[in-house]
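Down below is the structure, laid out as structure tokens.
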Amino acid sequence: MLVSAKEMLQKAKAGHYAVGQFNINNLEWTKAILQTAQELNSPVILGVSEGAGKYMTGYKTVVGMVNGMMEELNITVPVALHLDHGSYEGCMKCIEAGFSSVMFDGSHYPIDENVAKTTELVKITAEKGMSLEAEVGSIGGEEDGVVGKGECADPQECKSIADLGVTMLAAGIGNIHGKYPENWEGLSFETLDAIQQLTGEMPLVLHGGTGIPEDMIKKAISLGVAKINVNTECQLAFADATRKYVEAGKDLEGKGFDPRKLLAPGAEAIKATVKEKMELFGSVGKA
Ligand SMILES: [Zn+2]
1 MLVSAKEMLQ
11 KAKAGHYAVG
21 QFNINNLEWT
31 KAILQTAQEL
41 NSPVILGVSE
51 GAGKYMTGYK
61 TVVGMVNGMM
71 EELNITVPVA
81 LHLDHGSYEG
91 CMKCIEAGFS
101 SVMFDGSHYP
111 IDENVAKTTE
121 LVKITAEKGM
131 SLEAEVGSIG
141 GEEDGVVGKG
151 ECADPQECKS
161 IADLGVTMLA
171 AGIGNIHGKY
181 PENWEGLSFE
191 TLDAIQQLTG
201 EMPLVLHGGT
211 GIPEDMIKKA
221 ISLGVAKINV
231 NTECQLAFAD
241 ATRKYVEAGK
251 DLEGKGFDPR
261 KLLAPGAEAI
271 KATVKEKMEL
281 FGSVGKA
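Going left to right, the sequence shown walks through residues 1 to 287 as our numbering numbers them.
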């Protein structure tokens with residue numbers, strides 16, 4: 001059964017480790033992540049962007065696939081199914097469809113409007129026993145044309161959103177989605193520390209986990225980050241393994257064209273990436 005991310009993240013924050021959010025795109029992704037979490041006895045958050053939800057034909061399909069897979073694979077570790085960077089409408093659809101967690105990305109609204117919409121969602125998700133992630137200070141990325149230093153959130157604004165009763169808070173601390181540019185200045189630990197001082201027990205979320213050096217990840221965890229989002233890294237690993245398989249001509253040998261064979265190296269590569277991240281974040285054995 002899917003669970004809210006609340007308990008696993010509060011435990012993570014208190015225990016000084018982080019739970020990984022791994023975004024899913026299809027059956028192979030979901031299966032690889034769930035199996036790895038179970039093997040390593042780690043809690044896990046499956047992230048679904050609005051685009052990926054659409055790609056998988058809709059949120060109901062996603063809920064059906066994840067619930068069915070958890071039952072058939074005997075997954076007993078805590079699993080949250082979470083909407084990543086949701087609009088207000090997207091959050092409502094996922095709540096309806098049976099997700100156990102949503103992120104409302106109101107960072108592009110003026111702070112007053114972000115507060116108003118987040119307040120409404122706090123009420124609705126609390127009634128359903130779901131977790132809610134809010135974002136303050138937008139997190140840049142190549143797709144937004146942002147290069148160099150990512151934005152830093154205002155710690156006071158973080159406190160005002162945290163005080164609304166959200167479960168976890170994403171704040172820009174110089175992090176970026178996608179691959180980091182050469183001239184990236186690194187995470188702003190000053191900002192992170194200031195946010196933690198003001199928000200106390202609130203589990204903090206680090207987006208754009210791909211390509212942040214290990215020592216920075218560990219320092220971020222020590223300063224209150226309890227959830228780290230990983231997306232691009234699994235995509236790169238999957239593409240690389242699949243390309244190697246095809247380039248080696250293996251799809252032309254015997255039944256190598258069978259999708260169960262063709263997609264297997266990519267799925268293994270996702271598993272290896274998830275394992276590496278769970279070990280780095282410290283969530284192994286914490287289910
Ligand atoms: Zn993000």
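The beta-carbon is built from N, C-alpha and C at its ideal position, and this holds for glycine as well.
Rounded distance between the beta-carbons of Leu-187 and Ala-220, thought under 8 Å: Here residue 220 refers to the residue found at position 220 of the sequence shown. Here residue 187 refers to the residue found at position 187 of the sequence shown. Indeed they touch by this definition, with Cβ atoms about 6 Å apart.
Close Cβ partners of Ile-78 (< 7 Å) along its chain, the five nearest in sequence each way excluded: Here residue 78 refers to the residue found at position 78 of the sequence shown. According to the sequence displayed, residue 78 carries Pro and not Ile. Excluding residues within five positions, the ones whose Cβ falls inside 7 Å are Val-3, Met-8, Pro-43 and Ala-287.
Using C-beta distances below 6 Å, list every residue in its chain close to Gly-256, excluding the 5 sequence neighbours before and after it, in chain order. Position 256 of the sequence shown holds residue 256. Once the five neighbours on either side are set aside, the close Cβ partners of Gly-256 are Lys-250.
Classify Ala-12 as helix, strand or coil using the three-state DSSP reduction. Stepping through the sequence shown from its first residue, residue 12 is reached at position 12. If DSSP states are grouped into helix, strand and coil, Ala-12 belongs with the helices.
Strand pairing of Phe-22, partner residues [DSSP]: Your numbering for residue 22 matches position 22 in the sequence shown. Its beta-bridge partners are Leu-46 and Val-230.
Please report the residue range of the beta strand (DSSP E) in which Ser-101 lies. Here the question's residue 101 lines up with position 101 in the sequence shown. Looking at the DSSP string, the run of the beta strand (DSSP E) that includes Ser-101 is 101-104.
Straight-line CA distance for His-82 to Gly-47? Residue mapping note: residue 82 aligns to position 82 of the sequence shown, counting from 1. Residue mapping note: residue 47 aligns to position 47 of the sequence shown, counting from 1. Cα-Cα distance, rounded: 5 Å.
Rounded straight-line distance, which links the Cα of Gly-208 to that of Asn-231: Residue mapping note: residue 231 aligns to position 231 of the sequence shown, counting from 1. Residue mapping note: residue 208 aligns to position 208 of the sequence shown, counting from 1. Roughly 8 Å separates the two Cα atoms.
What separation, rounded to the nearest whole angstrom, lies between the Cα atoms of Pro-213 and Ile-195? Taking the first residue of the sequence shown as 1, we reach residue 213 at position 213. Taking the first residue of the sequence shown as 1, we reach residue 195 at position 195. One C-alpha to the other measures close to 21 Å.
By Cβ distance below 7 Å, which residues in the same chain neighbour Leu-132 in space, the five residues on each side in sequence not counted? To locate residue 132, count along the sequence shown from 1; it is residue 132. Within the same chain, Leu-132 has close Cβ partners Val-102, Phe-104, Leu-121, Val-122, Thr-125, Val-166 and Thr-167.
Exposure of Gln-21, with buried meaning 16 or more beta-carbon neighbours within 10 Å: Indexing the sequence shown from 1 puts residue 21 at position 21. Buried.
Output needed for Ala-272: all residues of its chain with C-beta closer than 8 Å, excluding positions within five of it in sequence on either side, in chain order. Translated into the one-based positions of the sequence shown, residue 272 becomes position 272. Correct list, in chain order: Ala-237.
Could you tell me which of Pro-259, Thr-118, Lys-227 and Ala-134 sits nearest to Ile-45, measuring between CA atoms? Along the sequence shown, one-based indexing puts residue 45 at 45. For the residues Pro-259, Thr-118, Lys-227 and Ala-134, the minimum Cα distance to Ile-45 belongs to Lys-227.
Go ahead and pull the three-state DSSP assignment for Ser-283. For the purposes of this step, residue 283 is taken as the residue at position 283 of the sequence shown. Ser-283 falls in the coil class under three-state DSSP.
Where DSSP assigns a beta bridge to Ala-170, which residues make up the other side? Residue 170 sits at position 170 when you count from the first residue of the sequence shown. Residue pairing by DSSP places Ala-170 opposite Glu-135 and Val-205 in a beta bridge.
Please indicate yes or no: does the CB of Asn-25 lie closer than 8 Å to some heavy atom of ligand 1? Within the sequence shown, numbered from 1, the residue matching residue 25 stands at position 25. Asn-25 Cβ: outside cutoff for every heavy atom of ligand 1.
Looking only at DSSP bridge pairs, what is Val-363 linked to? Residue 363 lies beyond the stretch modelled for the chain, which goes from 1 to 287, so this question has no answer here.
Since Ala-52 and Ile-24 are thought to touch, with beta carbons under 8 Å apart, how far apart are those beta carbons, to the nearest angstrom? Within the sequence shown, residue 52 is the residue found at index 52, counting from 1. Within the sequence shown, residue 24 is the residue found at index 24, counting from 1. For a cut-off of 8 Å, the C-beta gap from Ala-52 to Ile-24 is around 7 Å, short enough to register as a contact.
For Cys-152, the residue or residues it bridges with in DSSP: To locate residue 152, count along the sequence shown from 1; it is residue 152. In DSSP, Cys-152 forms a bridge with Ile-173.
Between Pro-265 and Lys-13, how many whole angstroms is the CB-CB distance? I'm expecting something under 8 Å. The residue given as residue 265 occupies position 265 in the sequence shown. The residue given as residue 13 occupies position 13 in the sequence shown. That belief does not hold up - the Cβ atoms of Pro-265 and Lys-13 are roughly 36 Å apart, past 8 Å.
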